[in-house]
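Numbering (our numbering), first residue to last: 9 to 377.
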């Protein structure tokens, strides 16, 4: 939704920034309401019943970030991607600043507060797992503030686009049975195997006649003639290797409202072009999540500029991916703003360190590079 109708946590988004098809993603509602839970086990059970009987609900919470210390939720989400990992109860905290969608829960007596909520992730595609994250009951005021709900007005909407999904266990068998249509039915499955051959049906088998890398495309069509596609890559007698962890160089300490330059690059073992996902460590609405940029040649150095407007300790992070979706691990750089020091010829030292990025390790440490 944020990329369709840009979400910037304020009301200053220009209408010109909106995607031309944003109305296609609106959901008609026939009723809505809110209530205030008190964080008790009884009220948690009411939330669970509401999700089970009526569907997902919107909850208000405190989304913690760099200003709340190193154990904040934002930092946790960039390093925890398992479907059973959860953000543990950090203790009582005051305030709220964010709304999220609760889509389910997991009761677990081994967890201090008895389980966790399954929450829709709206931060970024590299945060959490598969578009979700888990939050222990009672954490960050998620089940003790506001619960908002709506009823879907299905009679006011003609048809949702279906969702195509490819699963494959080897290089010859392809399964589209996980594809679905929200309120209608899928009436056709069309396969393109990338070598000039095609097939139809929910599942398909195909044997390639020569070595190479092929893109497989599944197109599904629903009963209202809406379509959707999904793609995957097949490697026949070849292997793909993820890019190496990027190098990330730049200032570790500095002043707020001052522009600094950061350089990063990664080598791909197969020589493929590389894309980068970059996050500056400050909040989403301050431009922290740059997202995926590229492509760049393997080993090509990329330099971007950044200035931080608020005092704080930030973690700059970047990862690389090749054109087939294979990703590296994160490279990180801890940055503190502001930090003051007074050395003669500072401009000369900065230029020297940029010119020779692997030299003078002791000087780098002293200057915070």
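Backbone N, C-alpha and C fix where the C-beta goes; we use that ideal spot for every residue, glycine too.
On the DSSP letters alone, give me the boundaries of the alpha helix (DSSP H) that residue 255 sits inside. Counting along the chain, residue 255 falls outside any alpha helix (DSSP H), though it belongs to the beta strand (DSSP E) covering 255–257.
Should residue 118 be labelled buried (16 or more other beta-carbon atoms within 10 Å of its own) or exposed? exposed
Distance check for residue 183 and residue 210, CA to CA, integer angstroms please. 6 angstroms
Within 10 Å of its beta-carbon, does residue 73 have 16 or more other beta-carbons around it, so buried, or fewer, so exposed? buried
For the alpha helix (DSSP H) containing residue 57, name the first residue and the last one. 49–62
Tell me whether the segment 251–261 and the segment 185–199 touch, counting them as touching only if at least three CB pairs, one residue from each stretch, are closer than 8 angstroms. no
For residue 352, which residues from the same chain have a beta carbon less than 6 angstroms from its beta carbon, with the 5 sequence-adjacent residues on both sides left out? Any reading at residue 352 must be qualified, since the residue scores a pLDDT of 48, below 50, and its modelled position is unreliable; the value itself is stated next. There are no such residues.
Measure how close the beta-carbons of residue 230 and residue 167 come, nearest whole angstrom, since I'm counting them as under 8 angstroms. 7 angstroms
Quick check on DSSP: helix, strand or coil for residue 30? helix
I'd like the span of the alpha helix (DSSP H) that includes residue 192, first residue to last. Taken as a continuous stretch (DSSP letters only), residue 192 belongs to no alpha helix (DSSP H), as it is neither H nor E.
Which value, in whole angstroms, describes the spacing of the CA atoms of residue 28 and residue 170? 20 angstroms
Where do the N-terminal and C-terminal ends of the beta strand (DSSP E) with residue 157 fall, by residue? 155–160
Helix or strand or just coil, what does DSSP make of residue 170? coil
Residue 46 classed as buried or exposed, judged by whether at least 16 other C-beta atoms fall within 10 angstroms: exposed
Mind reading off the beta-carbon distance from residue 289 to residue 324? Whole number of angstroms is fine, and I expect it under 8 angstroms. 5 angstroms
Can you tell me whether residue 232 is helix, strand or coil according to DSSP? coil
Using only the alpha-carbon positions, how far apart do residue 24 and residue 220 sit? 43 angstroms
Rounded to a whole number of angstroms, what is the C-alpha to C-alpha distance between residue 155 and residue 42? 5 angstroms
Of the listed residues 273, 60, 120 and 317, nearest to residue 264 (C-alpha basis): 317
Could you check which residue in 187, 250 and 346 has the C-alpha nearest to that of residue 268? 346
Proximal residues to residue 297 (C-beta, below 6 angstroms), its chain only, five neighbours per side dropped: 132 and 287
Whose C-beta lies closer than 6 angstroms to the C-beta of residue 303 among residues of the same chain, with five residues either side of it excluded? 281 and 283
So for residue 24, helix, strand or coil by DSSP? helix
On the DSSP bridge list, what partners appear for residue 241? 223
How about the segment 248–258 and the segment 270–278: do they share at least three Cβ pairs that are nearer than 8 angstroms? yes
Quick check: residue 37 and residue 161, are their CB atoms within less than 7 angstroms of each other? yes
Buried or exposed: where does residue 319 fall if 16 or more other Cβ atoms within 10 Å of its Cβ makes it buried? exposed
Ignore the nearest five residues each way along the sequence and tell me which others in residue 173's own chain have a CB closer than 6 angstroms to its CB. 186, 187 and 238
Anyone know if the C-beta pair for residue 106 and residue 69 falls short of 7 angstroms? yes
I'd like the list of long-range same chain contacts for residue 85, defined as Cβ closer than 7 angstroms, with 5 residues on each side in sequence excluded. 131, 135, 136 and 141
Does the distance from the CB of residue 122 to the CB of residue 97 come in under 7 angstroms? no
Apart from the five residues just before and just after residue 75, which ones in its own chain have a Cβ nearer than 8 angstroms to its Cβ? 318 and 320
Identity of the residues DSSP links to residue 175 by a beta bridge: 183
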